[in-house]
Each structure stands twice: as structure tokens, then as C-alpha cells.
Amino acid sequence: MGPIRNSRGNAKGTNDERELKYTADGRVICEYCADDFHPQGFSRHEKACTIRKLRIMHDTQVSISIQQESDSADVLSKGQPTPSERETDDIRVEYHPHSRLPTETTPLSQFTRRHFVPPPPPPTVSEPWRPFESRLDFEVAELALEASLSKDQTSRLIKLMQRVGSGRETFNIKSEKELRKIWNAVGHRITPWQKEEVSVQYQDEPEPRTFDMWHRSLWGWACDLLKDPRIGPHFNFDAQRLSKWNGEKFVRFIDEPWTADAFWNLQDQIPDDGKPLMYILYADKAKLSSFGRAKGYPVVARIANLPTSIRNGEGFGGGRVVGWLPIVKEDKRQRNKPPWAAFKNVVWHKSFEKILEDIAAHSKTGCWIRCWDDVHRKFYPRVLILSADYEEQSVMALTRGVKAKYPCPICLIPREELSNVANRPVYPLRTRDGVIATLEKARNQSRMEGEETLMAEGLRDIDNAFNAVESADVHRALSFDPLHANHEGMFGAHLWGELQEALSNIGREAVAQVDDNFDSIPRWRGLNHFDNVVDISFNDGVKHRDISKLLTFTCQSVILKENHSTAYLLLRCIRAYVEFDMWLTLDVHTEETLQCGREALLILSKLLDAYIKKTKRTSDKNWNFIKNHTRDHSFDDILAKGVTRNFDTKPNEKMHGPLKDWYQFNTNFKNFAQQILRMEHDQLVCSWIREQIESFDDYQLLFTNPEEVEENGSVARCETFDGIYIGSSQAQSTFAVVEGHHADDNNFQRFRIKVGYYINSTVPAERLPGGKRIQLKPDDEIVEYRFVKVDYVSMVDWCMHTDYLRCSPMFFGRPRYDCVIIQHGNKQIFGRLVFLFKVTIGDLAYPLALIHPYDAPTGHRLAKDIHLNFWRVRARPHADTQVFSTESIVRGAALARDPTSPGDYLVIDTIDADMFLRMDDMHKKAGHY
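Sequential numbering of the sequence shown, starting at 31, is according to our numbering.
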């Protein structure tokens with residue numbers, strides 16, 4: 031372990047990528063200005079000096095644009111490295127031929143740096159809060175909007191603000207009515223809502239039925255983003271093929287939509303002087319009232335050319351409600367009649383035609399736009415992805431739903447084959463041209479013959495709205511939906527119910543034991559914690575997902591193969607399902623992970639087939655449902671459109687929440703569509719102004735007096751040591767006090783001796799006082815910490831991620847001692863944090879951790895560990911705790927206690943994708959598969 035200078039916010043270690051330089055007397059040399067500073071004040075200077083550097087970057091007009099095509103061409107024209115010059119993890123970027131950019135190979139570190147936000151652009155206005163008279167006016171209005179205050183509540187807030195004196199700025203809004211005028215005034219800066227009337231004839235009625243629908247121009251909204259100097263630089267206009275050098279060959283990987291096949295293929299089809307503008311569209315009914323009697327029908331759009339962080343975010347460049355479809359009121363006299371079902375589908379597609387109208391026209395000829403950087407580009411809009419649950423997909427594809435002979439909107443699988451999960455052949459895919467040909471054939475036949483032709487493929491005799499958009503194939507755009515098909519579907523509606531019934535049949539004691547096991551699972555950031563699940567019904571896909579991740583760890587001690595063979599087989603099915611879902615939902619996919627995912631899907635299919643056959647005579651469960659099939663298309667969707675977060679409905683379903691709030695708090699419950707959409711537009715405008723203000727603030731920071739930044743800038747209350755941040759410091763203490771306080775705890779046996787041994791065995795003698803080994807004394811001082819933040823490079827996306835770990839006797843009412851992976855020599859082991867502390871030797875500080883290792887031999891691998899793919903670890907005696915540098919912590923871990931074997935723990939490999947890949951790698955290296 032390298033010494034760490036005892037300075038707040040400063041790291042110096044042998045593994046630090048940017049090792050600091052020191053003068054002979056121990057002062058730190060700034061790499062930016064070359065001046066030297068005392069270590070304790072260096073972090074403040076470095077922050078200010080970095081700001082100076084940003085200012086210089088701006089003054090010299092370092093471009094903020096990610097799309098500098100001309101400059102890139104000059105740079106990339108230089109020769110690419112030969113195979114002998116390549117290094118492991120180098121990234122190759124092959125651009126679409128229309129881009130006229132040559133292939134580029136760069137180190138991984140340079141590739142990932144492109145995800146960082148560039149310096150802010152110069153503000154276009156000096157008062158970005160206008161037309162509000164002051165920033166305070168805007169921020170009060172923003173608060174009222176965020177809180178969904180009613181008119182009366184907003185008026186009361188304004189009156190209160192008028193009573194408050196401000197020494198820096200005044201509050202100018204006089205009433206809610208005046209505020210409404212301001213929102214209306216600024217609202218014209220963003221593409222507004224417009225109302226349309228849709229007329230559809232129903233059978234032989236004398237007059238067509240009319241419906242109101244609302245939409246904002248898809249084209250106008252996209253232009254708003256393309257012209258925005260904060261959003262525009264993040265657009266990606268050309269398809270890319272990415273690959274990573276593994277030492278032998280380049281391995282392709284996929285994440286964003288423009289790295290997948292469909293984007294590339296669609297760009298092939300447009301003129302080479304144009305750029306594709308890719309839309310992601312979602313539609314589904316939303317319950318607005320508590321009992322679901324009031325409903326809305328929002329359509330949400332996202333731009334696939336933008337990165338996930340923006341596209342799926344909540345800012346101005348994120349998803350936007352662009353349509354409000356009519357809901358056909360049920361007619362009891364017509365319900366369940368085929369013509370009535372067809373009528374509702376016609377209304378849907380006639381309404382959607384209005385939404386697609388402007389991009390449909392531009393999709394054929396293209397349209398020039400002057401973008402944020404004053405460059406004119408010709409765009410061809412395309413519908414790349416349709417995100418929806420199965421019921422909505424059937425409407426979009428105009429198939430006849432679950433009862434059709436061929437219910438899948440993607441392929442022609444017969445309905446009776448849905449439960450044949452293990453030996454299913456590959457069925458022909460539906461295509462736009464094929465469906466059009468079938469419709470033409472049916473329309474040239476007699477009414478009865480035509481209906482038979484359509485039913486033979488599960489189609490409706492209706493023209494599809496999406497066909498108006500050039501190259502739009504609804505069957506290729508429709509995508510697998512992990513939320514409804516997996517989390518709420520395959521698991522939530524089927525596997526989970528089967529297991530609940532199995533546990534109930536075993537007995538109340540089994541149910542209680544599983545609930546206790548859930549409660550004992552360690553808490554983990556980003557993972558729901560449960561203390562009672564078996565008898566509880568959840569209507570939440572995220573909770574179902576988290577239950578599935580933990581289920582095998584909590585049930586393995588209750589459901590034993592020798593006593594409950596059928597339930598045990600079900601548990602194996604659930605584990606196989608979870609592994610399939612973990613592979614499926616990775617944020618970056620490589621050729622290898624896609625292959626692993628397909629293999630996991632095959633294992634799931636075989637186990638599920640065995641379970642279906644085993645329970646066929648004893649259960650009336652019907653496995654012939656559509657969501658037992660749609661997963662067959664999942665990995666093809668990833669190859670075509672990128673990873674699942676590009677087409678998952680979860681980000682879109684989250685947008686139902688604000689709609690419900692606006693209905694509840696900001697409407698009179700009559701003709702509420704217009705009232706809700708007015709609030710939605712206000713929110714969009716508010717987001718636009720807020721981001722302008724934040725850009726204004728960031729830009730002003732570049733010209734702020736560095737000394738003022740040093741005094742007023744926020745500083746994290748942590749000490750930094752080579753990527754490890756320790757915090758929640760306690761009062762300074764001594765070894766004697768610590769050992770006395772823990773006299774009855776075997777973990778602290780010979781604590782001071784262990785610390786001294788560690789320092790003497792790892793720190794070179796020349797770095798110790800007097801160049802000699804040290805002998806720690808009882809009254810030597812140490813400082814305890816109870817929090818550690820660990821940065822690590824994820825195996826999924828090769829970017830930096832962070833674990834927040836606790837080592838505390840009391841955290842939110844209970845002890846919390848997290849587990850970690852430790853780098854121990856040339857191997858990695860698991861252990862539990864016992865005590866975090868810092869000891870100072872001379873002028874050097876050493877951040878250390880007392881850890882209880884879980885690396886005792888576990889013996890022969892158990893059959894259930896093989897079947898459920900467990901990684902078992904065993905705790906050493908408490909007296910065998912060891913001292914490690916905090917720099918040895920690789921990342922956090924969660925371990926589940928095995929009640930059947932005291933001292934044994936099972937590594938919960940499903941807490942996140944990185945842990946899943948790490949454990950998969952450990953299994954392979956151990957020869958488990």
C-alpha cells in the first residue's frame with residue numbers, strides 16, 4: 031500500500047491514474063499552474079484552477095459539439111493502429127458510409143470520456159427567466175407547477191410572497207391570473223398542442239361518430255430539440271458499429287439505438303445527403319382516478335438519436351407527451367361484437383394518422399432544418415421503435431389479440447403452440463409488405479372468403495396508420511417489453527403465483543420461514559427490501575422484479591428436492607428465468623453476452639417444459655398464453671434496436687404519474703384533457719426555462735472569481751483515498767479505547783497488533799518514521815469512520831460506478847455492516863466490514879478496514895448449489911479478522927445467510943448487472959460450467 035498524505039479531498043496512491051507530484055518539503059505541485067501548495071489547501075486550489083482552465087478552454091473556443099464532422103475527418107484521416115499496436119479494450123468505431131467518416135480506433139478511456147458533459151455554451155440571453163420579470167418570479171411559479179397547486183393555492187402562495195421582503199430581487203407576480211398569462215406567453219416558444227376532430231363511420235349509422243383528439247407536431251417538437259444549444263450537441267445522426275479488442279479480435283457491442291442494425295439499415299435507405307431522425311413512440315391508456323373510471327390515452331415520443339441519459343431522462347430532451355387519443359366509450363349493445371372491435375381500432379388509427387401526419391410527409395422527401403450550430407441538415411424522419419404492452423401492440427399491428435389463430439404481432443406462431451416452449455420451431459415473421467398483400471387479396475374476395483383469409487393470419491381489414499411513414503414496418507418496430515412480458519407477466523402473473531401456491535401447500539411454517547428469510551436479506555441501494563411477501567399481492571413490476579431476484583436465496587432452505595420435488599423444479603425455473611432476465615436487460619451487449627442470453631433462454635425453456643409436463647395432470651394451469659412466447663423475439667430486438675432500456679415501457683409508464691396528479695389537483699374533472707395538457711405544456715416550458723437558467727449559471731461560473739469559488743463551493747465531507755471515499759467520521763480515539771469498547775467482540779482480538787503487522791508488512795521501511803518498523807502503542811490515535819464510497823469500473827459498460835457502503839452499529843435504527851469483495855493478493859475474496867478507521871504514522875495517513883473474511887473452505891459443491899447456480903462462501907472464526915487497506919475494496923457485495931448451514935452465506939449475484947457478470951466469470955474460472 032502506498033502512503034496517503036493526510037489532506038482532505040486529495041489522493042496519492044500507487045494505483046492512482048493521476049499521481050500527484052510533490053516538492054522535497056512535501057508540498058503538492060498543481061499540474062495546471064505548476065505552483066506548489068500545502069496538501070491541506072490543495073483541493074480548494076485545484077477546484078479553482080480547474081475553473082480557470084475551463085475558462086481558457088472557452089476563450090479559445092474549444093468546441094462543445096460532439097458532431098464536429100469536418101474536424102473529425104482531419105483527425106481520423108491519420109493511420110489506424112496495426113494489430114501489433116492495438117491494446118486490449120481498444121474501441122473501434124465504424125461509421126455508416128453516408129457519414130463519410132473513416133473508421134476510428136481509440137483507447138477505451140478516450141471513448142468513454144465522450145460521455146462527459148462539455149463546457150456550457152454561451153448564454154443566448156442575459157435573463158433566461160424571461161418573460162418572468164425576475165428569477166424569483168420564475169422559481170415561485172416553478173414550485174407551484176411542481177407541487178400541482180390549485181388556482182386557490184397558487185393565489186395564496188403569491189400573496190405570501192408579496193408579504194416577504196427581498197433585499198436582492200422583488201417578487202412581481204400579482205395574481206394567479208397574471209401567472210397564467212405569463213405561462214401562456216412563454217408557451218408559444220415551444221411547439222403547442224392542437225385539437226383535431228376524427229370522424230369514423232360505424233356500420234350503417236346515418237352519421238359518422240366524431241371524437242376529439244389532441245396532438246403536438248412531432249416534427250415541430252423535434253425541431254425544438256435540434257435548435258436547442260444544450261440538447262443539439264448530443265444528437266447522433268449516423269449509425270455506428272462498435273467493437274472492442276479482446277487481444278485476439280474485435281468483438282462487436284451494442285447499446286444505443288444507433289449502434290444496432292435497424293438504424294444502420296434505415297440509413298441505407300435514405301439519400302446520402304440526408305440524416306435519419308429516429309422516433310420512439312409509446313401509447314397506452316392511463317388510469318387517472320383512483321378507481322380507474324377516468325382514463326387518459328397519452329402518446330409519448332422520444333428521439334432515438336439522443337443518448338439514454340437524455341432520452342430517458344426527465345429534462346427538456348426526455349420523453350414528451352405528443353398525443354392524447356380518444357377513448358371510445360363502451361356501448362353495451364355492441365360490446366363483444368367483431369364490428370365494434372374493428373370500429374375502435376379504426377378510431378385509434380385514424381387518430382394516430384393525425385399524430386404522424388407531418389413526419390409522414392417529410393419521411394418521403396426530407397426536410398432541411400437549421401440546427402443549433404447554424405448548420406443546415408436535411409432530415410428524413412423514421413419510426414424506429416414502438417414501445418407498448420401486448421394489448422397495445424395488437425392495436426398497433428392490427429392483429430386480433432390473444433384469441434386469434436396467430437396472436438403474435440411479430441410472427442405467425444399458431445395459438446396452440448404458445449405452450450410448446452422447448453421444441454418450438456422458428457415461425458415466419460410478419461412484414462409490412464406481406465400484410466398489405468394479404469389485405470389486397472382479402473379485399474378482392476367475397477366478404478366471407480376475405481374474412482377467412484384475414485383470420486388465417488389473425489389480421490383486421492383496416493389500413494395501418496404507420497404505413498404512411500416511409501419505411502415504417504410496424505412489425506419490426508414493435509419491441510419486446512421486459513416490464514409487462516417478464517416482470518409483471520411471466521413472473522408476476524405466472525411463476526410467482528405458482529410458487530405462492532406451492533409454499534401455501536407446504537404449510538404456514540414454510541411461508542413464515544420464507545418471509546423471515548426475505549427480512550434477513552441485507553439492504554441494498556436500488557433494491558426493494560421486503561419483510562413480508564408470500565401473502566401479499568403487488569401490482570408493481572419493479573417489486574416483482576426485485577422479488578424474483580431474491581426468491582431462490584430465500585426459498586432454498588424451505589423447498590428441498592427430496593421433500594418437494596415439483597416445487598424444487600419450479601424454483602429452478604425461477605432461477606433460470608432470473609438469469610435470462612439479467613442477461614436480457616444488460617445496458618451494453620456484446621456478441622458473447624447475447625450468446626449467453628440465448629443459452630439462458632434455452633435453459634429456461636427446457637426447465638419450464640419439464641415443469642409443465644410434470645404438473646399437467648395435477649394442475650389446471652394454462653400455459654398457453656402469449657407472454658410465454660414473446661421472449662423468443664427479445665434478443666433479435668436487441669440486435670436490431672439496441673439494449674432493452676431503448677424500448678422498455680417502464681420510462682413511459684412513469685409519465686402516467688404526473689398526468690394522474692394533474693387530473694386530481696388541477697382539473698374540475700370535466701373535459702379534463704385540455705386542462706391536463708395545459709399543465710403538461712406548462713411543465714415542458716418550465717423545464718426549458720430551468721435548463722436555460724442552469725446553463726446560464728454554469729457559464730457564469732467560468733468567469734467567477736476563483737477565490738470566491740473556493741470559499742463558497744460545496745466540498746464533500748469525505749476524505750478521498752485513491753478512488754475510495756471514507757466519511758461519517760467519529761471523534762478521535764485511541765487503540766486502547768477501541769479495544770476496551772469491543773473487549774467482548776472476538777473480531778477485535780489483537781486489533782492493535784494486526785494493524786501494526788499490516789503496516790510493517792506492506793509499507794516500505796523508508797516510508798516509516800526513522801526508516802524502521804513501527805510498534806503501535808495503546809495511546810496511539812485513530813479515527814473511526816462509518817461510511818465508505820467505492821468507485822469501480824463496471825464489467826457491463828466499462829464506466830465508473832459507485833457503491834455506498836456502511837459500517838455502523840446503528841444506521842436507521844439497526845446495525846449495518848456491509849459485505850465487500852476484497853483484492854487479496856492475486857485473488858478476490860468476500861468479507862464483511864467490521865471497523866473502518868484511519869491511522870496516521872508521521873505525516874502519512876492510512877485508511878484501513880478490519881474485515882471478517884468469508885474464505886474458509888466450503889468442501890464439495892452441493893447439488894442445490896449446482897441446480898440454483900449458487901456461489902457459497904463460509905466465514906472464518908471471528909478471531910481471524912484481518913486488516914486491509916480500503917484501497918483493496920473492489921466493490922460492495924450482498925450475502926444471504928444460509929439457515930441450513932451456520933456460517934455459510936450465498937452471494938446474491940442478482941443485486942446488479944455488474945455483480946451478475948463478475949459471478950458468472952468466477953463460476954467459469956472455477957469450472958462450474
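Ideal Cβ placement from N, Cα and C applies to all residues, glycine included.
On a predicted model such as this, the values are computed, not experimentally measured, just so you know.
If we count the other Cβ atoms within 10 Å of its Cβ and call it buried at 16 or more, is F695 buried or exposed? With fewer than 16 neighbouring CB atoms inside 10 Å of its own CB, F695 falls in the exposed class.
Taking all protein chains shown into account, do 16 or more other C-beta atoms lie within 10 angstroms of the C-beta of D727, making it buried, or fewer, making it exposed? Counting the other CB atoms within 10 Å of its CB gives D727 a total below 16, which places it among the exposed residues.
Leaving out the 5 sequence neighbours to the left and right, which residues in its chain are closer than 6 Å to F781 when beta-carbon positions are compared? Counting only Cβ-Cβ distances below 6 Å, and skipping sequence neighbours, we find E769.
Uninterrupted beta strand (DSSP E) stretches inside the stretch 646-684 (no shorter than 3 residues): Counting only runs of 3 or more, we get nothing.
Check for me: the alpha helix (DSSP H) holding D691 runs from which residue to which? For D691, the uninterrupted alpha helix (DSSP H) run begins and ends at H686 to N696, by DSSP.
From this set, V123, I941, A640 and R506, which residue's C-alpha is nearest G464's C-alpha? Considering only alpha carbons, the answer is R506.
How is the beta strand (DSSP E) around E227 delimited, first residue to last? Per DSSP, the continuous beta strand (DSSP E) segment holding E227 begins and ends at W223 to V230.
With a floor of 3 residues, list each beta strand (DSSP E) that falls wholly inside the stretch 738-808, ordered by position along the chain. Whole beta strand (DSSP E) segments, 3+ residues: 748-751 and 754-764.
In angstroms with no decimal places, state the Cα-to-Cα distance between N856 and W828. A straight line joining the alpha-carbon of N856 with that of W828 spans about 21 Å.
DSSP three-state assignment for Q364, whether helix, strand or coil: Coil, per DSSP.
If you follow the alpha helix (DSSP H) that H953 is part of, which residue opens it and which one closes it? A943 to K955 is the span of the alpha helix (DSSP H), which, as asked, contains H953.
With the cut-off set at 8 Å, would you say A452 and S273 are in Cβ contact? No, these two residues do not count as a Cβ contact at 8 Å.
Anyone know if the C-beta pair for R836 and F817 falls short of 8 Å? Yes.
What does a CB cutoff of less than 6 Å around A956 pick up in its chain, not counting 5 residues either side in sequence? The same chain holds no residue with a CB closer than 6 Å to that of A956 once the five nearest residues on each side in sequence are set aside.
Using the DSSP secondary-structure output, state which residues sit across from G326 in a beta bridge. Under DSSP, G326 takes part in a beta bridge, and its partners are A316.
Quick one: give me the first and last residue of the beta strand (DSSP E) that A831 is part of. Before going on, a small fix: residue 831 reads as His here, not Ala. Note, H831: beta strand (DSSP E), M830 to F841.
Helix, strand or coil at E814 according to DSSP, with G and I counted as helix: In this structure, E814 counts as strand in the three-state DSSP scheme.
Range of the contiguous alpha helix (DSSP H) that encloses Q192: Here the alpha helix (DSSP H) through Q192 covers K181 to Q192.
Which one or two residues does DSSP pair with S501 in a beta bridge? BP columns for S501 are empty, so no partner.
So if DSSP puts T135 in a beta bridge, which residue, or which two residues, is it bridged to? Beta-bridge partners assigned by DSSP to T135: R122.
Measuring alpha carbon to alpha carbon, tell me which residue in E482, N494, W288 and T584 is nearest Q530. Closest by C-alpha distance to Q530, out of E482, N494, W288 and T584, is T584.
Let me know the secondary structure DSSP gives Y16 once reduced to three states. For the chain, the structure presents residues 31 to 959; residue 16 sits outside this window and is missing.
Can you give the Cα-Cα distance for Y457 and E482, rounded to whole angstroms? Approximately 20 Å between the Cα atoms of the pair.
For G353, report the span of its beta strand (DSSP E) as first-last. Unbroken beta strand (DSSP E) run through G353: R350 to W354.
Minimum C-alpha distance to G786 - residue among S567, F914 and M485: G786 has its Cα closest to that of F914, out of S567, F914 and M485.
Touch test, the stretch 281-289 against the stretch 381-398, Cβ-Cβ under 8 Å, three pairs minimum: Touching, no.
Measuring CB atoms only, is the stretch 475-492 touching the stretch 515-528, in the sense that at least three cross pairs come out at less than 8 Å? Between the stretch 475-492 and the stretch 515-528 there are fewer than three inter-stretch CB-CB distances shorter than 8 Å, so the stretches are not counted as touching.
Report buried or exposed for T916, applying the criterion of at least 16 other Cβ atoms within 10 angstroms of its Cβ. Counting Cβ neighbours within 10 Å, T916 comes out buried, since at least 16 surround it.
If we ignore side chains and look at the alpha-carbon of each, how far apart do D650 and D268 end up? Straight-line Cα distance between these residues: approximately 52 Å.
What's the gap between the Cα of V499 and the Cα of F409? Cα to Cα, the separation comes out at about 14 Å.
What does the alpha-carbon distance come out to for the pair W653 and D639? Rounded to whole angstroms, W653 to D639 spans 10 Å at the Cα level.
Between R602 and H379, how many whole angstroms is the CB-CB distance? I'm expecting something under 8 Å. That belief does not hold up - the Cβ atoms of R602 and H379 are roughly 44 Å apart, past 8 Å.
If I follow the unbroken alpha helix (DSSP H) through W613, where does it start and stop? Run containing W613: S595 to L614, per the alpha helix (DSSP H) assignment.
Determine the direct distance from the alpha carbon of E622 to that of Q722, and round the result to whole angstroms. Going by the C-alpha atoms only, they are around 43 Å apart.
Counting C-beta neighbours from all protein chains within 10 Å, is the total for W159 16 or more, i.e. buried, or is it exposed? Around the beta carbon of W159, 16 or more other beta carbons sit within 10 angstroms, so the residue counts as buried.
8 Å CB neighbourhood of W249 in its chain, flanking five on each side removed: Leaving aside the five residues that flank W249 on each side, the residues in its chain whose CB is nearer than 8 Å to its CB run, in chain order, D388, I389, H392, C397 and P411.
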